[in-house]
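Note that the sequence shown ends on residue 1371 in my numbering; no numbers are left out. Backbone N, C-alpha and C fix where the C-beta goes; we use that ideal spot for every residue, glycine too. Values in this document were obtained by computation on a predicted structure and should not be read as measured data. See below for the structure under consideration.
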Amino acid sequence: MNVGAASDARTGNPDMNQYSDQGPYPWVNPTSEDAQGGEHQQNQGAALEVPVGNAMPPSQSATIPVLQPMNTFVDQSQNADGVPGRSMLADGMHFVGNAVLRGPCSIAGLLEGNLMQDQGAEVSVVVTETGRVKGDITAQKISVMGQTDGILDAGQGEVSLHDTARVQGIVRYGRIQVNGADLNATLERAAPLQAVR
1175 MNVGAASDAR TGNPDMNQYS DQGPYPWVNP TSEDAQGGEH QQNQGAALEV PVGNAMPPSQ
1235 SATIPVLQPM NTFVDQSQNA DGVPGRSMLA DGMHFVGNAV LRGPCSIAGL LEGNLMQDQG
1295 AEVSVVVTET GRVKGDITAQ KISVMGQTDG ILDAGQGEVS LHDTARVQGI VRYGRIQVNG
1355 ADLNATLERA APLQAVR
């Protein structure tokens, strides 16, 4: 305990409402530079030394941005060439909601919701070994190495189910490749498109 600091008798922590001759925060140890140019140091984000168990001094209030509710996330990322960029849900991330994709997407985390390709886009979706999807995926090309529970709809496109995949639900495909996946799903082959004469 620092000399001159009032403390709470129950916890032994400094009483935040009491002031001593060292200022309102006696546990802060200003250096001689701070004493001479304290305002400059404060603007530079000087570090405070606060002993473990003591409360941090009050700081400037922070503003929290207000998020507007949105039912669906639309991926609008593009690279410098104007080609849609890759979207990724990294391992350890948890996303709840729907997303409309314009470019390729990798799922390594947990997705609870639906992934849909944008109208006119031909999207590929990869569910990696650590990825889990509880919802529907609609894309031209779907590759699963992780777990899915829902509808995989590739339409006339391609579905690849790898040996580490666990798939439940419905799989709609034009072409399918199953490499030892744990498959507990209804398979529906899409009718081939009729050639216009």
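Cα-Cα separation, residue i to residue j
| i | j | result |
| --- | --- | --- |
| G1259 | A1313 | 16 Å |
| N1353 | Q1321 | 14 Å |
| T1372 | E1303 | Absent from the structure is residue 1372, since the part of the chain shown begins at 1175 and ends at 1371. |
| R1349 | C1279 | 20 Å |
| Y1347 | F1269 | 26 Å |
| G1294 | R1276 | 9 Å |
Three-state class that DSSP yields for residue i in the structure shown
| i | result |
| --- | --- |
| G1324 | strand |
| A1359 | strand |
| M1290 | strand |
| N1353 | coil |
| E1223 | coil |
| H1336 | coil |
| R1260 | coil |
Other residues of its chain near residue i: CB distance less than 6 Å, five sequence neighbours each side excluded
| i | result |
| --- | --- |
| S1334 | S1317 and Q1351 |
| M1290 | V1274 and T1312 |
| E1362 | R1346 |
Supposed close pair residue i, residue j - CB separation, criterion 8 Å
| i | j | result |
| --- | --- | --- |
| D1327 | K1308 | Rounded, the Cβ-Cβ distance is 16 Å, inconsistent with contact. |
| I1281 | V1301 | 5 Å |
| N1283 | G1266 | Going by the sequence as given, residue 1283 is Gly instead of Asn. G1283 to G1266, Cβ: 6 Å. Contact. |
Contacts around residue i, its chain only, beta-carbon distance under 7 Å, and the 5 residues preceding and following it disregarded
| i | result |
| --- | --- |
| M1244 | Unreliable positioning characterises M1244 in this predicted model, as indicated by a pLDDT of 47, which lies under 50. A coordinate reading is not provided. |
| A1364 | G1329, Q1330, R1346, Y1347 and G1348 |
Span of the beta strand (DSSP E), counted from its first residue to its last, around residue i
| i | result |
| --- | --- |
| R1276 | Neither: R1276 is in no beta strand (DSSP E) and is coded neither H nor E. |
| Q1342 | R1340 to Y1347 |
Close beta carbons around residue i, own chain, < 8 Å, minus the five adjacent residues each side
| i | result |
| --- | --- |
| E1213 | Note that E1213 has pLDDT 47, beneath the 50 cutoff, so the model's placement of it is unreliable and no number is given. |
| D1356 | A1339, R1340 and V1341 |
| S1261 | D1249, S1251, A1273, L1275, G1277, P1278, C1279 and S1280 |
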